[in-house]
Amino acid sequence: MKQYLKLCQRIVDEGQWVENKRTGTRCLTVINADLEYDVANNQFPMITTRKSYYKAAIAELLGYLRGYDSAGQFRDIGCKTWDANANDNNAWLNNPNRKGEDDMGRVYGVQGRGWQRPDGSTLDQLAKVINNLKNGIDDRGEIITFYNPGEFELGCLRPCMHTHTFSLLGDTLYLTSYQRSCDVPLGLNFNQIQCFVLLALVAQITGHKAGKAYHKIANAHIYENQLELMRDVQLTRQPFASPQLKINPKIKSLEDIETWVTRDDFEVTGYQCHEAIQYPFSV
Ligand SMILES: Nc1nc(=O)c2c([nH]1)NC[C@@H]1CN(c3ccc(C(=O)N[C@@H](CCC(=O)O)C(=O)O)cc3)CN21
Ligand SMILES: O=c1ccn([C@H]2C[C@H](O)[C@@H](COP(=O)(O)O)O2)c(=O)[nH]1
16 MKQYLKLCQR IVDEGQWVEN KRTGTRCLTV INADLEYDVA NNQFPMITTR KSYYKAAIAE
76 LLGYLRGYDS AGQFRDIGCK TWDANANDNN AWLNNPNRKG EDDMGRVYGV QGRGWQRPDG
136 STLDQLAKVI NNLKNGIDDR GEIITFYNPG EFELGCLRPC MHTHTFSLLG DTLYLTSYQR
196 SCDVPLGLNF NQIQCFVLLA LVAQITGHKA GKAYHKIANA HIYENQLELM RDVQLTRQPF
256 ASPQLKINPK IKSLEDIETW VTRDDFEVTG YQCHEAIQYP FSV
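Going by our numbering, the first residue of the sequence shown is number 16, and it counts up by one from there.
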């Protein structure tokens with residue numbers, strides 16, 4: 016939690032204003048942030064200086080792992096975060112590749128589970144990684160990437176946390192996640208949780224201990240309309256200790272994740288937080 020607040024303070028103190036054409040809203044921006052999460056000791060990185068909706072963040076991750084491409088599928092598993100990008104962004108609404116209400120196109124999990132090969136077949140990146148890790152193999156390329164520049168025009172948004180590298184050292188599994196663009200008040204609150212859960216969950220289904228998750232961010236920003244709430248409210252609060260995450264031990268395979276797992280298979284204990292803050296969202 017301290018590293019999150021440190022990054023927020025750094026943006027407030029040292030950030031530079033950058034115009035953003037896609038949203039029309041300027042951002043106070045810094046380049047390069049490194050965060051890490053202690054999954055081994057179950058220090059769940061949930062924000063405590065405001066109320067955090069961790070179940071929606073986990074549902075979003077489950078949707079990525081299942082290869083969802085519709086905001087409706089995300090809503091059905093308890094996550095509304097894709098409604099705006101699928102249905103309220105003019106560039107996407109006017110894109111001839113959009114297949115109608117709620118369509119997100121070829122983003123995130125679509126690439127992760129069904130990367131299109133030149134011969135017309137598809138590659139399931141996630142299944143390959145899980146299979147190798149289950150068999151104790153780390154070929155130094157246990158990478159899942161959602162970043163497919165050749166298909167950007169087929170999706171509503173370029174993936175932000177776009178690449179996940181798993182590494183095995185002995186029987187301990189590590190994760191390094193890369194993010195190109197980060198909305199620190201809103202998105203990072205979710206992305207921290209997702210890095211942690213991705214490592215904990217993959218360790219559980221591949222039979223390894225979880226080590227640390229490393230989270231590398233290129234462009235970290237606060238939108239102009241979020242700045243006052245961050246500087247004058249959230250940053251004046253003292254954080255509480257990290258809560259713990261409990262994952263249903265019955266989750267044993269990728270197939271479980273694809274078929275019956277829900278956000279309620281994840282429970283947090285020891286979460287103490289300050290009042291909710293509603294940050295504005297730029298579409
Ligand atoms: N500008 C922007 N920021 C983002 O963080 C973001 C995007 N766009 N587009 C794609 C996804 C969608 N994400 C989102 C979207 C909404 C919330 C959000 O509204 N969070 C609220 C309430 C969550 C809830 O009630 O479930 C929050 O207070 O955290 C968070 C992440 C993250 N990504
Ligand atoms: O997981 C996510 C998804 C998105 N974001 C944020 C980062 C930016 O503020 C926007 C995306 O805008 P681009 O113009 O495509 O960079 O969404 C996030 O923080 N985390």
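Note that CB positions come from ideal geometry on N, CA and C, so glycine has one too.
* Does the distance from the C-beta atom of Arg246 to that of Val27 stay below 8 Å? -> Here the question's residue 246 lines up with position 231 in the sequence shown. Here the question's residue 27 lines up with position 12 in the sequence shown. Their beta carbons are under 8 Å apart, which means Arg246 touches Val27 by this criterion.
* Give a yes or no on whether 8 Å exceeds the smallest Cβ distance from Leu169 to chain D. => Of the protein chains in the structure, only one exists, and it is not chain D.
* Inter-residue spacing [alpha-carbon to alpha-carbon] between Pro111 and His289 -> As a working mapping, residue 111 is identified with position 96 in the sequence shown. As a working mapping, residue 289 is identified with position 274 in the sequence shown. Going from the Cα of Pro111 to the Cα of His289 covers about 44 Å.
* To do: Check whether the Cβ of Ser192 sits closer than 7 Å to any heavy atom of ligand 2, and report yes or no.
  => Here residue 192 corresponds to residue number 177 of the sequence shown, with the count starting at 1. Ser192 Cβ: outside cutoff for every heavy atom of ligand 2.
* Please classify Arg195: does DSSP put it in a helix, a strand, or coil? => Counting from one through the sequence shown, the residue named residue 195 turns up at place 180. Residue state, collapsed to three classes: strand.
* Asked: Measuring from the CB of Met176, is there a heavy atom of ligand 2 at a distance below 7 Å?
  -> The residue labelled residue 176 in the question sits at position 161 within the sequence shown. Indeed, a heavy atom of ligand 2 lies less than 7 Å from the Cβ.
* **Residue environment, Asp317, which counts as buried when at least 16 other CB atoms sit within 10 Å** => Outside the shown range of the chain (16 to 298) lies residue 317, about which nothing can therefore be said.
* Have a look at Tyr193 and Gly115 and give me their C-alpha separation to the nearest angstrom. => Your numbering for residue 193 matches position 178 in the sequence shown. Your numbering for residue 115 matches position 100 in the sequence shown. Going from the Cα of Tyr193 to the Cα of Gly115 covers about 30 Å.
* Under 8 Å between C-beta atoms of Cys197 and Leu203 -> Sequence index remark: in the sequence shown, residue 197 carries index 182 (1-based). Sequence index remark: in the sequence shown, residue 203 carries index 188 (1-based). It is a contact, given that the beta carbons lie within the stated cut-off.
* Asked: Could you give the residue range of the alpha helix (DSSP H) that holds Asn47?
  -> Counting from 1 along the sequence shown, the entry for residue 47 is found at position 32. Note, Asn47: premise wrong, no alpha helix (DSSP H); beta strand (DSSP E) at 42-53.
* To do: Please report how far the alpha carbon of Ile220 lies from the alpha carbon of Tyr83, in whole angstroms.
  => By one-based count along the sequence shown, residue 220 stands at place 205. By one-based count along the sequence shown, residue 83 stands at place 68. Answer to the nearest angstrom: the Cα atoms are 21 Å apart.
* To do: Could you tell me whether any non-hydrogen atom of ligand 1 is closer than 7 Å to the CB of Trp97?
  => The residue given as residue 97 occupies position 82 in the sequence shown. Yes - ligand 1 has a heavy atom lying nearer than 7 Å to the Cβ of Trp97.
* Heavy atom of ligand 1 within 7 Å of Phe161 beta-carbon -> Working through the sequence shown from its first residue, we reach residue 161 at position 146. Not under cutoff, so the answer is no.
* In angstroms, rounded to a whole number, what distance separates the CA positions of Ala101 and Trp130? -> As a first step, residue 101 is located in the sequence shown; it is residue number 86 there, counting from the start. As a first step, residue 130 is located in the sequence shown; it is residue number 115 there, counting from the start. If I take the Cα positions, the gap works out to 21 Å.
* Exposure of Thr274, with buried meaning 16 or more beta-carbon neighbours within 10 Å -> Within the sequence shown, numbered from 1, the residue matching residue 274 stands at position 259. Thr274 is exposed by the Cβ-count criterion.
* Asked: In chain order, what residues of the same chain have a beta carbon less than 6 Å from the beta carbon of Leu183, not counting five sequence neighbours either side?
  -> Position 168 of the sequence shown, counted from the first residue, corresponds to residue 183. Result list for Leu183: Asp153, in chain order.
* To do: Evaluate contact between the stretch 276-288 and the stretch 47-56, counting only Cβ atoms and requiring at least three cross-stretch pairs below 8 Å.
  => no
* Length of the line joining the Cα atoms of Thr284 and Leu260 -> As a first step, residue 284 must be located in the sequence shown, where it is residue number 269. As a first step, residue 260 must be located in the sequence shown, where it is residue number 245. Cα to Cα, the separation comes out at about 7 Å.
* Buried/exposed call for Ser257, threshold 16 Cβ in 10 Å -> Here residue 257 refers to the residue found at position 242 of the sequence shown. With 16 or more Cβ atoms within 10 Å of its Cβ, Ser257 is classed as buried.
* **Three-state secondary structure assigned by DSSP to Asn240** => Position 225 of the sequence shown, counted from the start, is the residue given in the question as residue 240. Of the three classes helix, strand and coil, the one that applies to Asn240 here is helix, per DSSP.
* Beta-carbon contacts of Tyr294 that lie in its chain and below 7 Å, excluding the five residues immediately before and after -> Translated into positions along the sequence shown, residue 294 becomes position 279. Around Tyr294: Pro200, Leu201, Gln241, Leu244.
* Asked: Distance, Cα to Cα, Asn35 vs Glu239?
  -> As a working note, residue 35 is residue 20 in the sequence shown. As a working note, residue 239 is residue 224 in the sequence shown. So the two alpha carbons sit approximately 11 Å from each other.
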